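The sequence shown: position 92 = 92 (UniProt numbering), numbered continuously. Since the structure comes first, as structure tokens, the remarks are kept for the end.
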Amino acid sequence: MENIEELKIQYMLLEERIRSFILVHSDLEYVQGSNEIVEGGAFTWTELSPESKALQLELWREYISISRQARKFLTETDSPHLELFEESFLEVKTCLKQNSMLWGPCLQDIFSNMKKELDLQRSLVSQVNYLSRL
């Protein structure tokens, strides 16, 4: 089960790197005219700098690697939470790829939602790890 502890640490380290990526390297822009369709308007991600794109790719690869390990563990232990994990994975994936519209302009809120999903994923792995020790 040492691999699970290592996986949890990897999640925490990734979370900190994602925080920096979202809050320092990313930005949003208002979609003109969207307020007429959606109250408060809609927002899209701005184009990343070449350096930020490189960081995004690095984080993407790291997240995919960690997720594969977590998914493998959840599958091998017949976790009833695999579907929940997959839904959470898609939420983080969408934010990391920055290819969706958003309903608010606050990067901190976006990161907070990503953190919540990463915490959930880490919790699902921890829960199965705990139950397997009983």
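Cβ atoms here follow ideal geometry from the backbone N, Cα and C, with glycine treated the same way. Quick caveat, the model's predicted, so the values are computed rather than measured.
Residue closest to residue 114, alpha-carbon to alpha-carbon, out of 17, 6, 5 and 4: By one-based count along the sequence shown, residue 114 stands at place 114. That would be 17, whose Cα lies nearest to the Cα of residue 114.
Contacting residues, own chain, Cβ-Cβ under 6 Å from residue 102 (five flanking each side not counted): If you number the sequence shown from 1, residue 102 lands on position 102. 43, listed in sequence order.
Whole-number beta carbon distance between residue 4 and residue 73, since they are thought to touch under 8 Å: Here residue 73 is taken as the residue at index 73 of the sequence shown, counted from 1. Here residue 4 is taken as the residue at index 4 of the sequence shown, counted from 1. Indeed, because the Cβ distance is near 7 Å, the residues count as touching under 8 Å.
Proximity winner among 77, 110, 41 and 71, relative to residue 122 (alpha-carbon distances): The residue given as residue 122 occupies position 122 in the sequence shown. Of the candidates 77, 110, 41 and 71, the one whose C-alpha sits nearest the C-alpha of residue 122 is 71.
For residue 35 and residue 120, the rounded distance between their alpha carbons: Your numbering for residue 120 matches position 120 in the sequence shown. Your numbering for residue 35 matches position 35 in the sequence shown. One C-alpha to the other measures close to 32 Å.
Exposure of residue 57, with buried meaning 16 or more beta-carbon neighbours within 10 Å: The residue you call residue 57 lines up with position 57 of the sequence shown. It counts as exposed.
Inter-residue Cα distance where the pair is residue 67 and residue 124: In the sequence shown, residue 67 corresponds to position 67, counting from 1. In the sequence shown, residue 124 corresponds to position 124, counting from 1. Distance between the alpha carbons of residue 67 and residue 124 is about 12 Å.
Residue 82 - partner residues in DSSP beta bridges: By 1-based counting over the sequence shown, the position of residue 82 is 82. Residue 82 is not bridged to any residue.
CA nearest to the CA of residue 118, picked from 29, 93 and 37: For the purposes of this step, residue 118 is taken as residue 118 along the sequence shown, with counting starting at 1. Here the closest residue by C-alpha is 93.
Continuous alpha helix (DSSP H) stretch holding residue 73: start and end: Indexing the sequence shown from 1 puts residue 73 at position 73. Residues 50 to 76.
In DSSP terms, what residue 94 is bridged to: Your numbering for residue 94 matches position 94 in the sequence shown. DSSP lists no partner for residue 94.
Environment of residue 9 [buried if 16+ CB atoms lie within 10 Å]: Locating residue 9 in the sequence shown gives position 9, counting from the first residue. Residue 9 is exposed by the Cβ-count criterion.
Cutoff 7 Å; reference residue 15; Cβ partners in own chain excluding five residues on either side: On the sequence shown, residue 15 is found 15 positions in, with the first residue counted as 1. Hits under 7 Å: 115 and 118.
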